[in-house]
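Residue numbers (the numbering used here), protein chains in the order written: chain A, 1 to 275; chain B, 276 to 557.
Heads up, the beta-carbon is just placed ideally off N, CA and C, and yes, glycines get one too.
Computed from a predicted model, the values in this text were never measured in an experiment.
Here's the structure we're looking at; comments come further down.
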């Protein structure tokens, strides 16, 4: 049994009205424990809808979504599903519940009904995971975007989910903030062995993923490892850029320079060129 | 403006700051009730000394406390003037009269008492909010009112609404600033014209603010759901509120003072002579 299973999922917004729009069409995907999945697509490709489907915030119009064997349309299982899958959203300001950081992070564990001492330990642990230990008693208002988003991640981590979904969690951040968040995500995958679903439209952020799933118009159009970057024209037709270094490598190759496949970072490319 | 959410809280390390917020709330209510039992200037003077002592112990600068009185200056003045003008007492008491205005001695005394009562009344909650954060207060309120949830009053829900409101104030203030700047950049004029015109000019600020607030509320609801929120059901709290020795001590002090005030008022055990001695001393 896979950890997360989407089976022929359809979802439409404003169902039954004139403005009904099918956001996700016949979407099937299975995700195994410990995988790092990058879900990419341009705006309106339906990728954020997928994030809301995973933990039952919205229910599929057709098809089923299962988390650890539990169906999201089973109301009695919803609480357990949300303990298993944590979702971090785009705007950190809209995810904070309390005015003090420790209270905000404690919100999740408090909802689960843990004893006070354990909640406090989890707050410490979650803050350490995101590298914000010194801010426990502070308020989130004075923090930078990247720091706020790390607090939001800590708030989800404190529930100790097995899967963390980042729904465009870097989209509103500056490059520094994006970098901070990506580092935390990598750490969670490597050290906490968490399953990560990274939803993004920045191709650079897919570089660390085990599997890249490309969505367009509510459907999966491409799926695989880094080899999908070779299909530059295909990605461009659906409005996605390959990572910049890859693009340079591809252009160089088109001009007849001998560059090996699978070059994705600047150092390797430099090494290739200096050979 | 960003600090609206911490209210007028003045951070300091004093016994009063560290008291259990639930107790502080109860003491504050006791204080307010007590004020209504006072009828003599002696009582008011004692209470003033009492509250000033509290301010001193709380290490909040006196000026900060007095600043809160600025908001009620008009109320006090209004009350005093109305009382003085419309009070009709004994003709022998008449101090001064002209046209339809008659000023009696009793009116002046009454007005003075009224002013003292309002000022002392406001000082109590002021000390409370200066030494307790709004978050602590909402928390305390939720815990104090918990018994009401057994008669189906949604205490937890009300408390969470309050804390989210507190949490959103700075965000909305920031957002309002942004919208105003954006509308100014498009040529909106907020500064000229009469009051009516200016109020109308705020419309293009309020509408986007409303729209974005609803969107925020939506996203916040998703985020809360995602973090296993399901109301008060099965919810525990990280911070435990526990009454300690200093809380009992504080309660005893307040209760003792309340008792003294009652003694003065009702002359229990014929103790009224003490009040007279004090009054003569003044």
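Give the secondary structure of residue i by DSSP, where H, G and I count as helix, E and B as strand, and everything else as coil.
| i | result |
| --- | --- |
| residue 503(B) | coil |
| residue 371(B) | strand |
| residue 5(A) | strand |
| residue 104(A) | helix |
| residue 196(A) | strand |
| residue 287(B) | coil |
| residue 276(B) | Its pLDDT being 39, under 50, residue 276(B) is placed unreliably in this model, and the coordinates cannot settle the point. |
| residue 172(A) | coil |
| residue 15(A) | coil |
| residue 217(A) | coil |
| residue 90(A) | coil |
| residue 70(A) | strand |
| residue 257(A) | coil |
| residue 511(B) | coil |
| residue 522(B) | helix |
| residue 428(B) | coil |
| residue 31(A) | strand |
| residue 22(A) | strand |
| residue 95(A) | coil |
| residue 498(B) | helix |
| residue 465(B) | coil |
| residue 420(B) | coil |
| residue 154(A) | helix |
| residue 124(A) | helix |
| residue 119(A) | helix |
| residue 242(A) | coil |
| residue 187(A) | helix |
| residue 210(A) | coil |
| residue 377(B) | strand |
| residue 75(A) | helix |
| residue 312(B) | coil |
| residue 295(B) | coil |
My understanding is that residue i touches residue j, with C-beta atoms under 8 Å, so please give their C-beta distance in whole angstroms.
| i | j | result |
| --- | --- | --- |
| residue 241(A) | residue 203(A) | 6 Å |
| residue 313(B) | residue 396(B) | 10 Å between Cβ atoms; not a contact. |
| residue 155(A) | residue 95(A) | 7 Å |
| residue 83(A) | residue 535(B) | At roughly 55 Å, the Cβ-Cβ gap does not stay under 8 Å, so residue 83(A) and residue 535(B) are not in contact. |
| residue 382(B) | residue 402(B) | The Cβ separation is near 31 Å, so there is no contact. |
| residue 22(A) | residue 68(A) | Going by Cβ atoms, the distance from residue 22(A) to residue 68(A) rounds to 28 Å, so no, they are not a contact pair. |
| residue 100(A) | residue 139(A) | 6 Å |
| residue 93(A) | residue 160(A) | Not a contact, Cβ separation roughly 25 Å. |
| residue 501(B) | residue 87(A) | 4 Å |
Return the residue from the list the options that minimises the CA-CA distance to residue i.
| i | options | result |
| --- | --- | --- |
| residue 351(B) | 327(B), 392(B), 363(B), 374(B) | 392(B) |
| residue 158(A) | 143(A), 20(A), 60(A), 104(A) | 104(A) |
| residue 65(A) | 31(A), 239(A), 212(A), 126(A) | 31(A) |
| residue 180(A) | 130(A), 247(A), 63(A) | 130(A) |
| residue 524(B) | 291(B), 285(B), 283(B) | 291(B) |
| residue 5(A) | 117(A), 187(A), 81(A) | 81(A) |
| residue 37(A) | 134(A), 266(A), 1(A), 225(A) | 225(A) |
| residue 184(A) | 150(A), 135(A), 26(A) | 150(A) |
| residue 108(A) | 498(B), 522(B), 519(B) | 498(B) |
| residue 398(B) | 407(B), 321(B), 326(B) | 326(B) |
| residue 56(A) | 260(A), 253(A), 76(A) | 76(A) |
| residue 519(B) | 284(B), 286(B), 298(B) | 298(B) |
| residue 483(B) | 457(B), 464(B), 427(B) | 457(B) |
| residue 451(B) | 376(B), 477(B), 410(B) | 477(B) |
| residue 20(A) | 26(A), 27(A), 11(A) | 11(A) |
| residue 190(A) | 79(A), 254(A), 34(A), 40(A) | 34(A) |
| residue 516(B) | 355(B), 367(B), 412(B) | 412(B) |
| residue 528(B) | 334(B), 320(B), 329(B) | 329(B) |
Decide if residue i is buried, meaning its Cβ has at least 16 other Cβ atoms within 10 Å, or exposed.
| i | result |
| --- | --- |
| residue 276(B) | Per-residue confidence for residue 276(B) stands at a pLDDT of 39, beneath the threshold of 50, marking its modelled position as unreliable; the derived number appears in the next sentence. Exposed, since its Cβ has fewer than 16 Cβ neighbours within 10 Å. |
| residue 15(A) | exposed |
| residue 295(B) | buried |
| residue 318(B) | buried |
| residue 386(B) | buried |
| residue 142(A) | exposed |
| residue 246(A) | buried |
| residue 309(B) | buried |
| residue 24(A) | buried |
| residue 541(B) | exposed |
| residue 365(B) | exposed |
| residue 178(A) | buried |
For chain D, check one thing: does any of its Cβ atoms lie closer than 7 Å to the Cβ of residue i?
| i | result |
| --- | --- |
| residue 437(B) | No chain D appears in this structure, whose protein chains are A and B. |
Open item on the list: When you compare the segment 459-472 of chain B with the segment 50-70 of chain A, are there three or more beta-carbon pairs, one atom per stretch, that lie closer than 8 Å?
Closed with: no
Task: Touching by the beta-carbon criterion (3+ pairs, under 8 Å), the segment 208-217 of chain A and the segment 230-240 of chain A - done: yes
Task: Validate contact between the segment 436-444 of chain B and the segment 408-427 of chain B using beta carbons, cut 8 Å, 3 pairs - done: yes
Open item on the list: Is it the case that the segment 487-500 of chain B contacts the segment 442-461 of chain B, given that we only count it when at least three CB pairs across the two stretches are under 8 Å?
Closed with: yes
TODO: Count the C-beta pairs between the segment 507-517 of chain B and the segment 112-126 of chain A that are closer than 8 Å, then say yes if the count reaches three, no if not.
DONE: yes
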